[in-house]
Amino acid sequence: MATLPGSDVQLIRLNPEWSVEKAASTPLEQEQSINDIKGKRLIVTLPGAGGFCNKEFDLVKDNMDKFKDAGADEVVVIVGTDILSNAGRGLPHIYQDVSQEFGNANKLTLEGVKSRYLQRSVIAVDASGEQVAREDAELLGCRTLDGLLAVAKKGFS
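Under the numbering used here, the very last position in the sequence shown is 879; numbers go up by exactly one each time.
Next comes the structure, spelled out in structure tokens:
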């Protein structure tokens with residue numbers, strides 16, 4: 723496979739230490755790219771925050787050890803919208819694709835829709851930045867833990 727398109731795009735990193743209580747002393751965001759994260763990365767894209775994405779956020783957060791066992795050094799969640807709704811979730815790598823450059827480079831944006839929602843995808847990227855596996859899913863469908871892990875196992879085994 724080829725180098726992950728858009729891996730150099732500056733995304734907004736949502737600070738996992740941020741909370742409403744710490745808002746005055748903790749910055750909410752910083753800019754980083756996928757290339758700034760080292761090792762084998764499993765990228766999980768979600769449309770945004772809200773009811774139909776919360777289950778997958780919890781799956782990722784509650785099963786980090788299983789993703790590591792499947793070969794991922796880091797799990798990266800990229801959302802299209804709702805930066806404030808996603809801050810403080812306790813995930814070390816959660817980003818928003820504000821400019822939609824990453825989404826456009828990976829054909830994840832919704833055509834004919836003005837919102838910044840992203841299509842759901844799981845992408846495995848090896849330590850050298852090569853995309854080694856990918857599986858796209860329905861926008862409104864919630865993926866299972868087994869489905870997310872399968873992409874990691876396929877890409878990193």
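In this text, a Cβ means the ideal position worked out from N, Cα and C, and glycines have one as well. Computed from a predicted structure; not experimentally measured.
Buried or exposed, going by whether 16 or more other CB atoms sit within 10 Å of the CB of residue 769? buried
Taking contact to mean 3 or more Cβ pairs, one atom from each stretch, closer than 8 Å, check whether the stretch 745-752 and the stretch 729-737 are in contact. yes
So residue 843 and residue 859 are in contact, right, with Cβ under 8 Å, and what is the actual spacing, rounded? 7 Å
Which runs of the alpha helix (DSSP H) at least 4 residues long sit entirely within the stretch 799-854? Give them in chain order. 805-808, 823-827
With 16 as the cutoff for other CB atoms within 10 Å, does residue 829 come out buried or exposed? exposed
Which runs of the beta strand (DSSP E) at least 3 residues long sit entirely within the stretch 755-790? Give them in chain order. 763-768
Span separating the alpha-carbon of residue 875 from that of residue 835: 33 Å
Is it true that the CB of residue 854 sits closer than 7 Å to the CB of residue 825? no
Taking the alpha carbon of residue 861 as the point to measure from, which residue in 779, 841, 744 has its own alpha carbon closest? 841
My guess is that residue 823 and residue 725 are in contact by the Cβ rule of under 8 Å, so how many angstroms apart are they, rounded? Incorrect: roughly 15 Å between the Cβ atoms, too far for contact.
Range covered by the beta strand (DSSP E) that runs through residue 736: 733-736
Is it the case that the Cβ atoms of residue 784 and residue 800 are separated by a distance below 7 Å? no
Spatially closest choice to residue 756 from 865, 815, 741, by CA coordinates: 815
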